[in-house]
Amino acid sequence: MAISDRAKGSNARAVLTLKDLDDEFGSESGYRSAALRDINKRESVICKKCDLENKIPSLDLRSMHCKGCKSIIWLTADTFYHKVRLFRPRVVIMRWFEMGIIVSANQAAKLLTVSNDTVNLIYKQVGIVVSKLMLDNIVEEPSSNCVDIMDRRSIETPAREPAVAEEFEIQATMKKCLGQDANSDIKDAIQLEEDEKIALDVLSEKMSFDQISELLKMEPSDLTRILMSLELKGLIKAMPGSKFIRNDLSVSAQSKTKPENKMSIATTFMYFVKDYFQGVSRKYLQLYVSLHWISFDRIRWETKALRKACASHPHISYEETLSYVTPPIVKFIRERRVA
Ligand SMILES: [Zn+2]
């Protein structure tokens, strides 16, 4: 698989910054104490066994003994770092994201000498945290706008079907739930009565009501009904002086199905996925949209912003990550264009 220039540049930056980060944090214990400091913003913790409030003596502790019942209190319990064995991969990956450096899970696993599964889990957990922070400046689009990049299978993919079948299944379920054919409004617009077709045909140029009536030899009441129907279907336009003109359908049809700003967001996102990840599964689409947001919003996701967001998020279990499914409507953050 060919690696894009964007991905090559990002990989090179990842290698360089990894050296810098290892210098900055020292070793695994350095990464761990930085992460623990992120979550230990509180001054005390309540023992779950005896309800005693214990002061936290040091900010980079992972566990301590309760002063009352002497049982172990895990300070990482139910936090983003719950039962985490290695802190370096998490802290490094978050810092890469904060720097706008995106590397494939494969590449990250190689550089950090951990398994692909470990990196994938971190990416998904970060994605879940970030997707919950998508609150302002949102554009919503159906996941079907991203079928081009859905070429990875997941546990949701129907057996012996291509990866994209997952999307078609979601669409079929949605249509069933809505109790209607999703294309019906388009068909309605195209379906015309015989006399409507004839009226539309004669309207090759701007004409007055009387001119059309004379050409078609039609009762004014019938013609009024037909013209109103055509106008409601968006096929003709009423002009001043009781004149009518055909709508330019090529323009209106396009603007109806492809609002310009909406398409550009899904398209930019698809280029992002193709460049850095080649493809995604439908199941985790929304989580990659989260990573895309981090990659272009350098102001929102400055240094430590991601670590802070993750540190204040409760534990996301492996099962929760595995059961994540992108909803039929995907949330994107609109890119702010600098004037
Ligand atoms: Zn206790």
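If you count by the numbering used here, then the sequence shown holds residues 10 to 348, one letter each, in order. All C-beta atoms in this analysis are idealised placements derived from N, C-alpha and C, irrespective of residue type, glycine included. These numbers were taken from a predicted model, which means no experiment stands behind them.
{"Item": "Please report whether the beta-carbon of T127 lies at a distance below 9 Å from any beta-carbon of chain D.", "Value": "Protein chains in the displayed structure number just one, and chain D is not present."}
{"Item": "What residues match up with S217 in a beta bridge as DSSP calls it?", "Value": "K252"}
{"Item": "L68 to L296, Cα distance in whole Å?", "Value": "31 Å"}
{"Item": "Alpha carbon to alpha carbon, how far is K17 from E203? Give it in angstroms, no decimals.", "Value": "60 Å"}
{"Item": "Along the chain, where does the alpha helix (DSSP H) containing N63 start, and where does it finish?", "Value": "Not the alpha helix (DSSP H): N63 falls in the beta strand (DSSP E), residues 62-64."}
{"Item": "State the DSSP-derived secondary structure class of M159, mapped to helix, strand or coil.", "Value": "strand"}
{"Item": "Can you tell me which of the three DSSP states V211 falls into?", "Value": "helix"}
{"Item": "So the candidates are Y327, K292, D306, A172; which of them puts its Cα closest to the Cα of V139?", "Value": "D306"}
{"Item": "Touching or not, the region 276-292 and the region 154-166, by the rule of three or more beta carbon pairs under 8 Å?", "Value": "yes"}
{"Item": "Starting from E149, follow its DSSP beta bridges and name the residues at the other end.", "Value": "K340"}
{"Item": "Confirm the yes/no value for this check: CB of L61, any heavy atom of ligand 1, distance under 8 Å.", "Value": "yes"}
{"Item": "Hey, how far is the Cα of C75 from the Cα of S36?", "Value": "29 Å"}
{"Item": "With distances taken from CA atoms, which of P98, W105, I137, I164 is nearest H324?", "Value": "I137"}
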